[in-house]
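Working notes, structure below.
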Amino acid sequence: MQNLSIKQFTEMILKLAEEKGFGTEPKDINTMEKIALIHGEVSEAMEAYRHKKMDGKDGLAEELADIVIRVFHLAGIYKIDLEKEILSKLENDKNRKWKWEDYNETHS
Ligand SMILES: [Mg+2]
Numbered sequence: 050m051q052n053l054s055i056k057q058f059t060e061m062i063l064k065l066a067e068e069k070g071f072g073t074e075p076k077d078i079n080t081m082e083k084i085a086l087i088h089g090e091v092s093e094a095m096e097a098y099r100h101k102k103m104d105g106k107d108g109l110a111e112e113l114a115d116i117v118i119r120v121f122h123l124a125g126i127y128k129i130d131l132e133k134e135i136l137s138k139l140e141n142d143k144n145r146k147w148k149w150e151d152y153n154e155t156h157s
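The numbering of the sequence shown is my numbering, which starts it at 50 and goes up by one.
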């Protein structure tokens with residue numbers, strides 16, 4: 050198993066997208082549709098977990114991979130440096146405080 054960087058994964062996904070006709074530039078795609086498709090994969094992940102299907106076809110693991118592939122594809126189309134953005138967000142979150150009492154959300 051090779052360890053690929055986010056940039057390398059994004060390049061692989063863009064290459065496949067070009068070969069399969071999924072679009073590699075903003076003019077090629079409907080961005081709102083691509084975002085909706087990411088949302089669709091998130092819903093599939095929720096359903097997989099809900100049905101206790103963790104592995105295999107349509108399992109949680111595969112659906113999480115689908116989410117990441119679609120996110121990397123969209124980021125690649127817009128030339129977004131996801132590694133930089135993730136590191137920036139994580140750095141911000143180090144010092145961020147959440148007021149959990151203001152949320153109607155489970156946390157641990
Ligand atoms: Mg899926």
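Just so it is clear, CB atoms sit at the ideal spot from N, CA and C, and this is done for glycine as well.
Just so it is clear, the structure is predicted and the values come from calculations on it, not from any experiment.
Just the C-alpha distance for residue i and residue j, rounded to the nearest angstrom, thanks.
i, j, result
"Ile129", "Ile62", "14 Å"
"Thr80", "Asn52", "29 Å"
"Lys56", "Glu82", "23 Å"
"Asn141", "Glu134", "11 Å"
"His100", "Tyr152", "27 Å"
"Phe58", "Ala124", "11 Å"
"Glu111", "Gly105", "7 Å"
"Asp107", "Leu113", "10 Å"
"Asp77", "Phe121", "16 Å"
Rounded C-beta distance between residue i and residue j? I'm assuming under 8 Å.
i, j, result
"Glu154", "Ile116", "That belief does not hold up - the Cβ atoms of Glu154 and Ile116 are roughly 20 Å apart, past 8 Å."
Helix, strand or coil: which one does DSSP assign to residue i?
i, result
"Gln51", "coil"
"Met103", "coil"
"Glu112", "helix"
"Gly70", "coil"
"Lys83", "helix"
"Tyr98", "helix"
"His156", "coil"
Using a threshold of 7 Å, is the CB atom of residue i nearer than that to any non-hydrogen atom of ligand 1?
i, result
"Glu112", "yes"
"Glu93", "yes"
"Asp104", "no"
"Glu90", "yes"
"Asp77", "no"
"Asp151", "no"
"Asp115", "yes"
Among the options, which one has its Cα closest to the Cα of residue i?
i, options, result
"Ile84", "Tyr127, Leu109, Leu65", "Tyr127"
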